[in-house]
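Visitor: Chains as they are written, first to last, in our numbering: chain R, 2 to 292; chain D, 105 to 382; chain G, 18 to 393. The structure under discussion is supplied below as structure tokens; questions concerning it will follow.
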């Protein structure tokens, strides 16, 4: 590479990497360093090296264990439902060969364009016992009495969060999957149809194998975002009732800003990161292997 | 033939209606609520027919109630998000161009490293920054938040723009090189104009994502620098929940985003998958 | 096994904001005899692929009927027709092995495993694919891909085999090779074959009958010999042959109770056509057609010959193609195809062209239809 090109390459990458190194790597190293110290913010506590005790205390802390459990339940159920509905609808629209989806896709994409806080508030309002239309219509059709506060019992609160998350993100999976199906060459679909393939063969033997990569990309993005979910839960239930919907991000936030024990919150945050890296790498491995 | 086409039509219409109702009805409820008077909101039976009012919107801007911060928060959001997105677009496109046009040792690893930033939990970044900003006095300042927003937009911008640059034939660069232009001139004068649609799409998506950002703003802002999501959340702590104004807030915050989304239909999929699916 | 009957088949693609309404095919009526190979030949965009897709059931026609034997299949989905289709760009299911590709049409019919195994082996052997059965069908050469596609088409012994320019995307060598394979396959099967192509040598060598199409209309549906010798329209005359017929404007004149054809712009050449004058009387203007290979060329003047000057000589090894500048209209160049010999004229040399009357065809200029074959 000639000198001038080398120089340009350096200056093209330098600003971006200056940012990434400072705002990506610095916080990470900072967190690593203080995660092994008794670091309380603004409190008069000795900031000393405590080895792995922050990690150890987090792991044996029932609250943290529970928050991890809730997070996993949330990720698996929510992303699972999104995949099921999103991929299902995309395949349905493709198999009945209609252009309708093209026209409605922008309307379907509105939920995921909303700022998550607004979404949280919207559903908080919709789930409101006295004013929300969810309770009103559920009782109207005799499914449930009006005065049940869905956000006030652990199971229904989690279910409500999942419902709102599914509402918000299913369109994402639907739209991407549909686009992936549309990119399958028309010849291939037609050849299979002439070969006598019925819809189920088309789906299993032609469509699914060819959208695997797109599905994995979608899954990667969704799983990792779901693990980090914060705003929706913060607004909808604030982790309640009690700590029943306290997802990991919320628990870490509370450790930091209720107990002001930043050392331990770093330890927890890094453990969450480790899980994300692990899950992410499994999906990326599958992607690169070209499943 | 005729009957099966008819059945198909009915089926498609039905599914389409169900999907639109499922995904858009809540939004419609929000918009409707924003135009309701207080008395029409606090009814046990949802009211679909009422006299519309714009009082909720007026209250946000004029600030006769507890939501006086409204105008300020909207200003803050617009300022932070626009500034950070513009800067991120410039820095990120430049890096994307470097990644797209030069082969060098470790390139793939570097690109992957950039992507990994996108997947870092926000809380891991924001807690140390909270400590740092507190000690250097950046907490609650515009600069502090804008710097972080630039950083979190960068991976998206780099990946998106790289996928657009990769589609532009290298012959354009090579011809310009032979004419004696410098790389930087080529980037600004020849390549960016060709990629302008992709540039615009990336800018707007980046805008949407930062527009709705919550966690960083929650931890790093003070009332003077509250962004809109924070103002919305904090309006809840007042003695009475001002549903109408919250809905109006929601409507204001989704308007720019919806306009963008409709204009960008073509790039929707690409924007949502960092260019991985077209 | 079945004859395919097209009855007034037409296809109109509806217009939209971006595209105008286009008529792809109109009034296609023909009977494709059972167990024969029928070619649909024409330049690109003439509607041949549209017709084929209608027969396959992928896009039903907008008017007319299609029958397999006596059964109306016009609106039946492909799966109920038992027709196989080979695309221009070979389709292989590249996420499967070659074996699974061949097995696919049988698998979807729930045929038992042993039977599938047996038939895949047979087909693979027949096409010379046995060695790569276990390979994934990805990154194979185009000719192998087309063979796999062919295998998938014939393995279920379809009643009708539809081929959409299956050779045109291949390199010349594999094209010749696959053409031979294709011929072998077609001859060995009890199936009605429809072969769409723009390559006349393919159509001529493979097909029993050919339908020549242009701009959505069938100009002639006949045997290859007849299409070559007695083209039904000036389009067919021009399109068939390499190069096609010379088409020369002429007019009929009467003198002393006899009728003559005189070539416009050439004073002393005429052919007596009294026998067919009734067929030519309605024509305002007449076009004379003659194939380049039937023209006799001499360096000395002969009676009833056209004088010209040799402009270009292209030698093709066994024969030469000559461009002769004459006074004929509308095109003053007449192409002549003649065996290579020492006696060839020189460039810029004067030559004389004689048209043997037996090879002259007369068309109506306005409609382009064939009016007279002068041998009869």
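By construction, the Cβ of each residue, glycine as well, lies at the ideal position given by its N, Cα and C atoms. Every value quoted in this text rests on a predicted model; they were computed, and no experiment measured them.
(1) Answer yes or no: does any C-beta atom of chain R fall closer than 7 Å to that of residue 220(G)?
(2) Measuring CA to CA, which of 185(G), 21(G) and 380(G) is closest to residue 45(G)?
(3) Straight-line CA distance for residue 217(D) to residue 307(D)?
(4) Taking the C-alpha atoms as reference points, what is the distance between residue 221(D) and residue 282(R)?
(5) How big is the Cα-Cα spacing for residue 192(D) and residue 286(R)?
(6) How far does the beta strand (DSSP E) with residue 237(G) in it reach, from first residue to last?
(7) Go ahead and pull the three-state DSSP assignment for residue 188(R).
(8) Assuming residue 167(G) and residue 103(G) make a contact with CB atoms under 8 Å, what is their CB distance in whole Å?
(9) Does residue 281(R) get closer than 7 Å to chain D when you measure Cβ to Cβ?
(10) Kindly indicate which three-state DSSP category residue 274(G) falls into: helix, strand or coil?
(11) Taking DSSP as the reference, what is the three-state secondary structure of residue 323(G)?
(12) Using a Cβ-Cβ cutoff of 8 Å, what residues of the stretch 64-79 of chain G are near chain R? List them in chain order.
(13) Using the C-alpha atoms, what's the distance from residue 188(R) back to residue 254(D)?
(14) At a cut of 8 Å, does the stretch 213-222 of chain G reach the stretch 182-192 of chain G through at least three beta carbon pairs?
(15) According to DSSP, is residue 471(G) helix, strand or coil?
(16) State the start and end residues of the unbroken beta strand (DSSP E) segment that holds residue 230(G).
(17) Buried or exposed: where does residue 330(D) fall if 16 or more other Cβ atoms within 10 Å of its Cβ makes it buried?
(18) Of all Cβ atoms in chain R, is any one closer than 7 Å to the Cβ of residue 112(G)?
(19) Using the DSSP secondary-structure output, state which residues sit across from residue 153(G) in a beta bridge.
(20) Can you round the beta-carbon distance between residue 238(R) and residue 152(R) to whole angstroms, since I take them to be within the 8 Å contact cut?
(21) Along the beta strand (DSSP E) that carries residue 74(G), what are the first and last residues, could you check?
(22) Measure the C-alpha to C-alpha separation of residue 190(D) and residue 311(D) and round it to an integer number of angstroms.
(23) Which residue's Cα is closest to the Cα of residue 235(G): 89(G), 67(G) and 221(G)?
(24) Could you check what DSSP says for residue 318(G) in three-state terms: helix, strand or coil?
(25) Would residue 158(R) count as contacting chain D if we go by Cβ distances under 7 Å?
(26) For the stretch 121-141 of chain G, which residues have a CB atom closer than 8 Å to at least one CB atom of chain R, in sequence order?
(27) Residue range of the alpha helix (DSSP H) that residue 198(G) falls in?
(28) Cβ closer than 8 Å: which chain D residues qualify as neighbours of residue 229(R)?
(29) Is the CB of residue 231(D) under 7 Å away from at least one CB in chain R?
(30) Anything in chain G within Cβ reach of residue 98(R), meaning under 8 Å, just list it in chain order.
(31) When the distance is taken between beta carbons, is residue 370(G) closer than 7 Å to residue 314(G)?
(32) Expressed to the nearest angstrom, what Euclidean distance is found between the alpha-carbon atoms of residue 195(R) and residue 183(R)?
(33) Along chain R, in chain order, which residues have C-beta atoms closer than 8 Å to that of residue 365(D)?
(34) For residue 53(R), does the count of other Cβ atoms within 10 angstroms reach 16, so buried, or fall short, so exposed?
(35) At what residue ranges does the stretch 172-238 of chain R contain a whole run of the alpha helix (DSSP H), taking only runs of 4 or more?
(36) So what's residue 182(G) in DSSP terms, helix, strand or just coil?
Guide: Answer, in terms of the structure:
(1) no
(2) 21(G)
(3) 22 Å
(4) 14 Å
(5) 30 Å
(6) 234-239
(7) helix
(8) 6 Å
(9) yes
(10) coil
(11) strand
(12) 73, 74 and 75
(13) 44 Å
(14) yes
(15) What the structure shows of chain G is the stretch from 18 to 393, and residue 471(G) is not part of that stretch, so it cannot be assessed.
(16) 226-231
(17) buried
(18) yes
(19) 114(G)
(20) 5 Å
(21) It is not in any beta strand (DSSP E) - residue 74(G) carries neither H nor E in the DSSP assignment.
(22) 9 Å
(23) 67(G)
(24) coil
(25) no
(26) 121, 122, 124, 125 and 126
(27) 189-205
(28) 225, 226 and 227
(29) yes
(30) Result: empty, since nearest Cβ-Cβ is about 11 Å, beyond 8 Å.
(31) yes
(32) 19 Å
(33) 107, 110, 111 and 114
(34) exposed
(35) 187-195, 209-228 and 232-237
(36) coil
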